[in-house]
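Here the structure comes first, spelled out in structure tokens, and everything after it is commentary.
There are 2 protein chains.
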Amino acid sequence: MSITRILVADPLEVLAVGLSSWLADAPELNVIGHAATGQAVLERLAKEPVDLILMEVSLPEQDGIDTMREVHRRHPKVKVLAYSSLTDIEYVNSMLIEGASGYLVKDASQAEVITAIRTVMCDKPYLSPAARESTLRGYDYTEKRMDGEYIGLTEREREIIRLVALERTNDEIAKALFISVDTVKTHRKHLMTKLNVRSLAGLVRYARDRNWI
Amino acid sequence: MSITRILVADPLEVLAVGLSSWLADAPELNVIGHAATGQAVLERLAKEPVDLILMEVSLPEQDGIDTMREVHRRHPKVKVLAYSSLTDIEYVNSMLIEGASGYLVKDASQAEVITAIRTVMCDKPYLSPAARESTLRGYDYTEKRMDGEYIGLTEREREIIRLVALERTNDEIAKALFISVDTVKTHRKHLMTKLNVRSLAGLVRYARDRNWI
DNA sequence: CCCACAATACCCACTAGAGGGTATTTTTCG
DNA sequence: CGAAAAATACCCTCTAGTGGGTATTGTGGG
């Protein structure tokens, strides 16, 4: 049996240490490093072989979803197992659509972590119960995006949602970006439709979860 | 030198494992257990001696701030070192006012963790740089709560802020709680004043950070 | 070359929220 | 018991946000 080289992509180094300690019980699973940001993940991949990445969704700077997309594009053979406390369908679907082999919820036990990694390394998908339940339940407020009908946010929309979540009014955002208030409103409408939320509150939660604020 | 018995209060067991691994390098510091909820912390304290608790602010069910208050009331001799990724002044001040001996930011290195624990065990306060900076900068939108003028939220206010953050409208909240819309508005006003925020967005972030939603 | 999409901007109408009060009753706590 | 705090509810005004359109321009991909 060959050794699986694992990179832990998580803001906290101490978490990688914990995983490393847990995986010491699985001789073929080897934590070879820790990357705190999406950028660090890509740099690491460029200069060292990696078999599997345990990837947090809420990475700082470039988050896990964006990093997932880049990793999949540049290194299609590297497996990625999403690893996060978030279980909302938005994040589970996003990661899977961007190429993740599975979604492991962060409060998993040592046994589940090992099982999940082994499952994924056998080319089988792995979803923690909470993540699976989330995908079965579907979206909350609309029927627009069943299953995989995934719509990413544009750069401009990300700028807007960040400012919205930081308590800026439409007027302030318009002035800051040198655009009309109406344009800001249009972006907000698109955001709310895409993210299946009813109000500002949903936008704020999304931005917070993805660690954009 | 006597042994320091440390309880790690954090939703993730794997984090406690990581800390335990790090503290293996400090012979007198000993992780004796892990508690995932505030309730579990109190149960543990009731039946086993503990010298220091590393406490996450965002514990599920009963969060770190509330647990801090209870621990301090029931076991005033147990030291608590707050341990969280959150650096906003609201959380730092809340924990310190409720009796924490320090505030350690979660991306701290192994060396800083050990230093922080040793500092606190010598009866000296410890604040990570980011936490100290936050307290020096002060509050964002008003001057109402300088320094320690800390105002806790009432039970009713917590119910309201949760529902608000879950995208419920004032009208829906009123119906759910069998009270008038005006009352809901009054609670919202109080919340916004207490938490120094300008809009719904600030309330949502607060509720999310404290793991109430 | 065309199509799709992103970003821009405007229309209209309506609702919800923010911000300022005051006031009553009940509960809690010293 | 008496004071303070909490929960309740109303007044008024104004702004901000939601929800439905339509439309133009530029850009990138097939």
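Going down the list, the protein sequences come from chains A and B. Quick note: the first sequence uses our numbering, first residue 42, plus one each step. Quick note: the second sequence uses our numbering, first residue 42, plus one each step. Think of the CB as a built atom: it goes at the ideal place given N, C-alpha and C, for glycine as much as any other residue.
Verify whether the separation of the beta carbon atoms of residue i and residue j is less than 8 angstroms.
{"i": "B/A50", "j": "B/I94", "result": "yes"}
{"i": "A/V72", "j": "A/L64", "result": "yes"}
{"i": "B/L86", "j": "B/V121", "result": "no"}
{"i": "B/E139", "j": "B/R110", "result": "yes"}
{"i": "A/R239", "j": "B/R246", "result": "no"}
{"i": "B/T128", "j": "B/L100", "result": "no"}
{"i": "B/I130", "j": "B/S169", "result": "no"}
{"i": "A/Y144", "j": "A/V133", "result": "yes"}
{"i": "A/Y124", "j": "A/M96", "result": "yes"}
{"i": "A/V146", "j": "B/G59", "result": "no"}
{"i": "A/L241", "j": "B/A242", "result": "yes"}
{"i": "B/D107", "j": "B/V98", "result": "no"}
{"i": "B/R46", "j": "B/P90", "result": "yes"}
{"i": "A/I254", "j": "A/L207", "result": "yes"}
{"i": "B/P166", "j": "B/S135", "result": "no"}
{"i": "B/G74", "j": "B/L53", "result": "no"}
{"i": "A/S221", "j": "B/S62", "result": "no"}
{"i": "B/K230", "j": "B/N211", "result": "no"}
{"i": "B/I202", "j": "B/L137", "result": "no"}
{"i": "B/I44", "j": "B/E84", "result": "no"}
Taking only beta-carbon positions, decide if residue i is within less than 8 angstroms of chain A.
{"i": "B/P52", "result": "yes"}
{"i": "B/S169", "result": "no"}
{"i": "B/R203", "result": "no"}
{"i": "B/K230", "result": "no"}
{"i": "B/V55", "result": "yes"}
{"i": "B/V58", "result": "yes"}
{"i": "B/V49", "result": "no"}
{"i": "B/V161", "result": "no"}
{"i": "B/R249", "result": "yes"}
{"i": "B/V225", "result": "no"}
{"i": "B/R246", "result": "yes"}
When DSSP builds the beta bridges, which residues end up paired with residue i?
{"i": "A/H75", "result": "A/V49"}
{"i": "B/K120", "result": "B/L93"}
{"i": "B/G143", "result": "B/L122 and B/Y167"}
{"i": "A/L70", "result": "A/T45"}
Is any beta-carbon of chain B found at less than 8 angstroms from that of residue i?
{"i": "A/T183", "result": "Because A/T183 carries a pLDDT of 41, less than 50, the predicted location of this residue cannot be relied on, and no value is offered for it."}
{"i": "A/L137", "result": "no"}
{"i": "A/K147", "result": "yes"}
{"i": "A/S240", "result": "yes"}
{"i": "A/R186", "result": "With a pLDDT of 43 at A/R186, under the threshold of 50, the modelled position of that residue is not reliable, and no figure is offered here."}
{"i": "A/G243", "result": "yes"}
{"i": "A/R199", "result": "no"}
{"i": "A/R115", "result": "no"}
{"i": "A/N237", "result": "no"}
List the whole-angstrom C-beta distance separating residue i from residue j, where the pair is believed to meet the contact cut-off of C-beta under 8 angstroms.
{"i": "B/E198", "j": "B/L218", "result": "Not a contact, Cβ separation roughly 12 angstroms."}
**Prompt:** Residues in the region 62 to 76 of chain B with C-beta within 7 angstroms of chain A's C-beta atoms, listed in sequence order?
**Reply:** Along the region 62 to 76 of chain B, the positions whose C-beta sits under 7 angstroms from a C-beta of chain A are S62 and W63, read in chain order.
**Item:** Selection of the region 91 to 103 of chain B by Cβ proximity to chain A, strictly under 8 angstroms
**Value:** The residues in question: there are none.
**Prompt:** Listed in chain order, which residues of the region 205 to 216 of chain B have Cβ atoms closer than 9 angstroms to some Cβ of chain A?
**Reply:** Going along the region 205 to 216 of chain B in chain order, one finds V205, A206, L207, E208, R209 and T210 with a Cβ nearer than 9 angstroms to chain A.
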